[in-house]
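To start, the structure itself, in structure tokens.
Number of protein chains: 6
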Amino acid sequence: MQEEASEKKKTVTFGEVLMRLSPSDNRKLLQATQMDFFFGGTEMNVAASLAHMGIEVQHVTNVSNDIVGEAAISTLRKYGIGISAVKKVNYSLGLYFLEVGSAMRSSQIAYNRLNSSFANITPDQVDWEKILSDAAFFHWSGISPGVSEGAYQTLKAGLEIAREKGVIVTADPAYRSNLWKYGRSSHDVLKEFISLSTIFVGGVNEINEILETEFSADEEGFIEASRALIAEFPSVKKVFDKVRTSVNASWQKIYGRAWNGGKYLETSELEITSVVDRIGTGDAFAAGLLYGLQHFDDQEALNFANAACALKHTHVGDVNLVSVEEVLEVAKGKTDGRIKR
Amino acid sequence: MQEEASEKKKTVTFGEVLMRLSPSDNRKLLQATQMDFFFGGTEMNVAASLAHMGIEVQHVTNVSNDIVGEAAISTLRKYGIGISAVKKVNYSLGLYFLEVGSAMRSSQIAYNRLNSSFANITPDQVDWEKILSDAAFFHWSGISPGVSEGAYQTLKAGLEIAREKGVIVTADPAYRSNLWKYGRSSHDVLKEFISLSTIFVGGVNEINEILETEFSADEEGFIEASRALIAEFPSVKKVFDKVRTSVNASWQKIYGRAWNGGKYLETSELEITSVVDRIGTGDAFAAGLLYGLQHFDDQEALNFANAACALKHTHVGDVNLVSVEEVLEVAKGKTDGRIKR
Amino acid sequence: MQEEASEKKKTVTFGEVLMRLSPSDNRKLLQATQMDFFFGGTEMNVAASLAHMGIEVQHVTNVSNDIVGEAAISTLRKYGIGISAVKKVNYSLGLYFLEVGSAMRSSQIAYNRLNSSFANITPDQVDWEKILSDAAFFHWSGISPGVSEGAYQTLKAGLEIAREKGVIVTADPAYRSNLWKYGRSSHDVLKEFISLSTIFVGGVNEINEILETEFSADEEGFIEASRALIAEFPSVKKVFDKVRTSVNASWQKIYGRAWNGGKYLETSELEITSVVDRIGTGDAFAAGLLYGLQHFDDQEALNFANAACALKHTHVGDVNLVSVEEVLEVAKGKTDGRIKR
Amino acid sequence: MQEEASEKKKTVTFGEVLMRLSPSDNRKLLQATQMDFFFGGTEMNVAASLAHMGIEVQHVTNVSNDIVGEAAISTLRKYGIGISAVKKVNYSLGLYFLEVGSAMRSSQIAYNRLNSSFANITPDQVDWEKILSDAAFFHWSGISPGVSEGAYQTLKAGLEIAREKGVIVTADPAYRSNLWKYGRSSHDVLKEFISLSTIFVGGVNEINEILETEFSADEEGFIEASRALIAEFPSVKKVFDKVRTSVNASWQKIYGRAWNGGKYLETSELEITSVVDRIGTGDAFAAGLLYGLQHFDDQEALNFANAACALKHTHVGDVNLVSVEEVLEVAKGKTDGRIKR
Amino acid sequence: MQEEASEKKKTVTFGEVLMRLSPSDNRKLLQATQMDFFFGGTEMNVAASLAHMGIEVQHVTNVSNDIVGEAAISTLRKYGIGISAVKKVNYSLGLYFLEVGSAMRSSQIAYNRLNSSFANITPDQVDWEKILSDAAFFHWSGISPGVSEGAYQTLKAGLEIAREKGVIVTADPAYRSNLWKYGRSSHDVLKEFISLSTIFVGGVNEINEILETEFSADEEGFIEASRALIAEFPSVKKVFDKVRTSVNASWQKIYGRAWNGGKYLETSELEITSVVDRIGTGDAFAAGLLYGLQHFDDQEALNFANAACALKHTHVGDVNLVSVEEVLEVAKGKTDGRIKR
Amino acid sequence: MQEEASEKKKTVTFGEVLMRLSPSDNRKLLQATQMDFFFGGTEMNVAASLAHMGIEVQHVTNVSNDIVGEAAISTLRKYGIGISAVKKVNYSLGLYFLEVGSAMRSSQIAYNRLNSSFANITPDQVDWEKILSDAAFFHWSGISPGVSEGAYQTLKAGLEIAREKGVIVTADPAYRSNLWKYGRSSHDVLKEFISLSTIFVGGVNEINEILETEFSADEEGFIEASRALIAEFPSVKKVFDKVRTSVNASWQKIYGRAWNGGKYLETSELEITSVVDRIGTGDAFAAGLLYGLQHFDDQEALNFANAACALKHTHVGDVNLVSVEEVLEVAKGKTDGRIKR
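Chains as they are written, first to last, in our numbering: chain D, 11 to 351; chain H, 11 to 351; chain G, 11 to 351; chain X, 11 to 351; chain B, 11 to 351; chain S, 11 to 351.
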């Protein structure tokens, strides 16, 4: 894949930008008087992470036509994301409240995104032809079509044009049970959209849901599930997955595995003994993968993705802001965290 | 009025509880990484202010069934407001973003309250018979019926039962142009609801809007307007108003005036040369008035309301948290702000 | 016990409310310019935790008649604790300074509670007859009678009336060497008060101190010690204890064990690998137990208490603010801390 | 006076060091979760201000033998105050809570200093002979003898030895109604101690209280009062006073006036239109005066004291931390506040 | 001028980006443990302000090749400034410490910019031909050539090419006495560079310095001085100036005046009674002027510049972040600061 | 050694004081708007740690002649360090930016110390004769002579005089690759200066560098290396080293070992499972050693140094601020971190 995609060519992402509001210092919301805020959202996180690593990215979304939307756009710009396809509309920006967990206490999220600026997006607001004309990659997640019929239709239009243009489509089939309230079923939509995708960023659980199969979670099960997925959706060429062991909210282990069509690949496991921020770690994996696929072979790309995912756990915010050099070091096994002067 | 209402008897308020999010230190939202938050809302502010002064108050509203709603309820409890008529529903709590102005720069507000937990209130969710059974006062504002048909219907039901039970109804005909999107006109609804009210907390502008008249803003105009209002709505007995001069966002002057059916009353002007927080100052006036009407004669009540309004400008938050003693001192003319040890 | 006590019936607690002042971010006091503050105190922590879980609670105490006492009362109200037996007196509220430890560095506490508002409490200030008239549970700790003769006398009066009324009395024989300066000995008072109690929340160390025995700390020793205690104090029916292994200040392990008169019970061990706040974890155990005894059988109650104790380590403040659902999940073994959306 | 005292010689101060705890951003205590803290106290403020201006100072006091006392000592050292006469004792450091006022809202203070480490000071703890052996100035205020009999006796011992040694004694007869609970009357003690003093830093009100006279507050009254004071207490040579007009808590005007035994002196009025922190402004005047008397003639010293007082209003904390150069500029009339690069 | 420059065409700015470090809440540096930081610098402030108003801008500078330089670039991007001519070099980013003054206390600045990344800029690092190829405006200030010989040479090269290409050059002859250490004299360099400029943004003082004249500061003096400047430097067509009255550090008044070659223009005076941040107000004037000259006639442009300057005083940071709409309102006389909902 | 050095005698340190600027809460610099700041520097850290433990210390350095230098001096005074040999010069104080790492993410440092006030130090600015006249110990590190020729010359002068006067010289041969830009080689200078030193605080790596040997890192290698060092530099009597295992940035293990001329000594390993701040831990070891050598035998001194090092990891800042008692407890094996009341 390395040879097909050049760093020059653009990655396009599509999805909701949310404001995240979170009391600091492990306070519960009812103990706090202040909240930190960040802008994030699964696909924007991928975009920001890529832009931070020097890849040209354009994000497609709607934001609110007020001081919140203005701050969201400022943040996209700050990360170096192209904003020419970001529209301001007269609906509030979606947001969520996060109480950060610790040890056996789970983080808790309360969403306020119903009828948000993104939920009101419609296909006519996005000029996919133009946006995708110079794109090498298009990244989507299963969250966006769960938001509203408009988001579904808009993404569908984008995927079809991407397919036409031979853009490499990466799919993160993230399922959120608190979405999908507008009528369509997650199952149907994922099948439809994965049939338009090239790279599947997910694992056995996701494949079992899509194919209604019962593959096991071990290496063999993963290989079989990947093969079955590719058999069902011939556009899909490769499956990349991260496997997470959650010791507790503050202690996580992850490793990556992949079926690249012909071969099973696996990384060593990375251990984060003092998680700072768990949000966006999956997106850091996807972004690491997208970067890796444009620079390295599949094994190295998987290593890079896994290291990026691990490193995202170590600083705050939804977006992975470590450098390519930092990711590479960890990907190559340097995990002792000694000070850099 | 002093003799009719006793401190023992309850005041009931109805309206939306909003979370207010605001960057501190005169930052613009796009410069900030943190926001202070408070819970407020015009009628809740009145409730909290009264409870803080020792009056029994019950607030009727819906909040979200999540960590935000839990924090909102905690806050109501903290102020000492009765919460037995607060329901948790599966819609997000309304909120607003505030950039605090300074000098000639206006404060700017962006609302996110469409389809909020309060907007989804319906008359069947509120047992007005029970709630109003031991009430002496019922306070409403023109904001609530502007939110949704459900809020309109619920308030209407409450006002009718209040009327039946002889509860004194205080009306703050606050108009917000960014509401009233669901179909009814502010003009019609205000006329309907003021015909069910006892005390009108507003001035010439509001009366002109309601009666479609053109009274002038001076003393004479105020008296004539008040008389016309009372003539049109015989349930209304008195009109209380505060007159604000906005030197700039950080420097305000206010005085109160009233037509109590037979007499024109006026306070001296109070000057706030260093405004800390402008939000909720009108509600502090209303609450001061409600407290005053239960403890003093009309002139003293007006002085008390005006002092309460002035003092709300001097600390943060939507709710007036100064003590009765502090208000009384200012009402009696002590405005030198010397340290109390 | 489940059938005897209903959730409707009230729990009464008695004890000092302290303001806790603590520099954030692992600063030493001499490095700081700000401190976070919380209101707590062992019995109030139990009260708040119970109220937060939906139990009706009333706390009996004195606070200062100033802005600090006002804030303390606001906090009790915020948690939903009944405050009708809280008196304001002309002595300062007790307080303590906390430097939060980490790894092998211990947290350090400096108290300022001598002659506090609570230390000046006297039996005539508390109408125990009325307060206990509708109580199902009364909770006390060994800290209160160590504060002053007045606190001793007041608690004694309460315990005697509780005993008369058949209220279930839970005893936490916490010993603080920095108290007991006013003349009485901890040993004598504990013996006197445990003879008026029903449930003993303590372990082998505490029993050895009270009985002047030397039981060992293992399971057998615990059972024998519990039997000896019950033999000595026939009012005591059950003994509940938590066993803590302090790997270091940031890493703790706990499990619960009990002798319920006929049977030895034990929970599995919970491990907190990243302690956020160690203060109040014993009180969270006691509150969990009181909740559990009103809803579950003894084994489940012990599991619940242990889980509540573990969860208190994961957020800041003296009071356990996790939900019943969160406690139940951990009590049932779900400790992976995965995000809840 | 300039020639008598040289900058080389030491100033000695005696008094309580208090921790001040204050919510920031004009929050009421019940709205806050954090407080800023500072160490201050009227005589320590004078000491710190002098040390900051390069004068050798030694402060005599007791602090607590805990992390709070350690932080207090660190702060004294930080300002450059000599600490060899600061003892650690087993009583808590006194403290106070401050809600900062604004406009017509007064700042409010709640003290917690009863039985503090300073209140427990006794004459045998202080080696006045040694401490005063190389002192040029000794400064005391009327607050210290109001704290406890021990503080009274200790100060008395110091004043007598100062008198013997010919040390110049400056007296600030500050009266606090919330002190003087231990038996002695402020009136008697002030008379006793002023008879041992050289410079009186106070005005007509204070003189009227001490002499039980009724001089008027105007220039003539001030001169007559000063003459009467000097007539009564021949040790007193000069009277320095600042006259404050409190427009409101955020807007103050001050000027200085003096009777230097032969001549009436007066400064121009300085206007602080945006008060940052009102605490310690009187102490800044006293320190400015002490500095001025060691460097300038009486008129210049008065100008310097008045400018120092004005400047203390413009930054936070109890202690004046502007430089001699900044004070001199304002003393000479430069009050436009232009940026210094 | 309106017709010559279109909004489409780019503005180019050149100058140092500094990190500003400032304790918050009117603390002195020695009282603080935290500092707020911002990125600014006179010409970058102009660039950011213009970009925020929708003008295409490119800034030319060097930043450090470390995490500080990365943050500086992120900030430029955030404001929407083109960064393709920003180079990373192996020298630290310049910075300054600011203690914010209040009332008669001046703000104090300490610079750390000697040998900074910008001071090490050289003409060969900047491709002026390319950068200026599509520029309509080029803005420079007298600060840049005072930094180093390299900065002087680089700006000189830029100005000469701008002149060739007919770019409109705006000159802010800001003089800083703490610069100009490398050998050249401010006087000589300003003369050289103003002879290459089109618009002079300065007043009588600056002109007197440049021409070694003694024009008076009144209207007449301003007109004569402007005429003399234009006579001396025929490339200069117009002179725009703001006149500031510094009541004190927290209270400022400003108005604008201009000589546009044929006519004297003047704005009304705007009063900022509660200054939030004084830094960058001159740059806000320059940016307002550059925006105004591209959209309005000279009088309106001057009004706009003056309003922008006034509004910059009302929020924190070096950069003016109010909207065009807000500036226009104030320019048209609405200064009452009423809340915008 | 215990008998040679008495606590009365002074320790002298020489080196740069740097301001450290660091975003809190694991933010990357580009995510932050605030930074915490501390003053530190390897030799000053040793000085502060010793002063905090009651040892008389004097630090020799230059700071900037501005508000930053003033704050640096205040901080030295606060810790109790003698400042009579600290000069203010017209160069900026050196500083560094720190992004605190976590888990496998390394902390990252960016320095801004080129041409700092310390770099401009010259031998004639320091009166070593006087400073060292009553010194028992002189501590230096390999960082100082790497800063500039002036720093090299100044330290050289100090070491020679120390040698003459029989002062015990402790050497920390810290090597920083980002220094040593001015011409001299680290290798040559270390050899020169170690030949003037008594105690070597370093390990096998450092010895291998100095002697150009290849000793192994195990116990045997350490002993042989130490012997070789002492053979080469007869002034050196003892070698003390700490051995660090970096599990990751948040999890460290350390133990101490020593060759005291005749015997190999070793401590048990201490584990810091939740590192708060890694900076200054080596300096805490050195200071612990200096304290230990003045109070205990070599084994106890090594235990003390190792415990001090471990404890520095547990609070923020460059300086070790735990008490002698806390260090002793850990040195004796109490590492469970239980609360101290």
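Ideal placement from N, C-alpha and C gives every residue a C-beta, glycine not left out.
Contacting residues, own chain, Cβ-Cβ under 7 Å from residue i (five flanking each side not counted)
i        : result
VAL211/B : THR180, ALA181, ASP182, PHE250, ALA296, LEU299
LYS342/D : none
GLY156/H : ARG186, LEU189, TRP190, SER196
GLU339/G : none
Where the beta strand (DSSP E) through residue i begins and ends
i        : result
ILE178/X : 178–182
ILE119/H : 118–122
VAL99/D  : 96–99
Proximal residues of chain H, C-beta to C-beta of residue i below 7 Å
i       : result
SER84/D : LEU40
SER90/G : Note on residue identity: the sequence assigns Gly, not Ser, to residue 90/G. The answer, in chain order, is ARG87.
Cutoff 6 Å; reference residue i; Cβ partners in own chain excluding five residues on either side
i        : result
GLY90/S  : ALA61
ALA57/G  : THR23, VAL67, HIS69, ILE91
GLY111/B : SER117, ALA259
GLU234/H : PHE225
Cβ-heavy atom distance, residue i to the ligand ADP, below 6 Å
i        : result
ILE349/G : The ligand ADP is not among the ligands present in this structure, which contains no ligands whatsoever.
Contact list for residue i against chain X, beta-carbon separation under 7 Å
i        : result
ARG351/B : Under the 7 Å cutoff, chain X gives no residues; its nearest Cβ is about 23 Å from ARG351/B.
First through last residue of the alpha helix (DSSP H) which encompasses residue i
i        : result
ILE141/H : 138–142
ARG348/S : From DSSP, ARG348/S is part of no alpha helix (DSSP H); its letter is neither H nor E.
MET54/X  : 52–62
Within chain D, the residues that residue i reaches when beta carbons sit closer than 8 Å
i       : result
ARG37/S : HIS325, VAL326, GLY327
Contact list for residue i against chain B, beta-carbon separation under 9 Å
i        : result
ALA318/X : By Cβ distance, chain B contributes nothing, its closest Cβ being about 11 Å from ALA318/X, past 9 Å.
Listed by chain order, chain S residues near residue i by CB distance under 7 Å
i        : result
ASP346/D : SER256, ASN258
Residues, ordered as in the chain, of the region 103–131 of chain S that lie near chain D by beta-carbon distance below 8 Å: Within the region 103–131 of chain S, the residues whose Cβ lies closer than 8 Å to some Cβ of chain D are GLY111, SER112, ALA113, MET114, ARG115, SER116, SER117, GLN118, ILE119, TYR121, listed in chain order.
Compile a chain-ordered list of the residues in the region 255–277 of chain G whose CB is closer than 8 Å to at least one CB of chain S. SER256, VAL257, ASN258, ALA259, SER260, TRP261
Which residues of the region 39–55 of chain D have a Cβ closer than 9 Å to any Cβ of chain X? Give them in chain order. GLN41, ALA42, THR43, GLN44
Which full runs of the alpha helix (DSSP H) of 4+ residues lie inside the region 206–240 of chain X, going along the chain? The region 206–240 of chain X contains these whole alpha helix (DSSP H) runs: 214–221.
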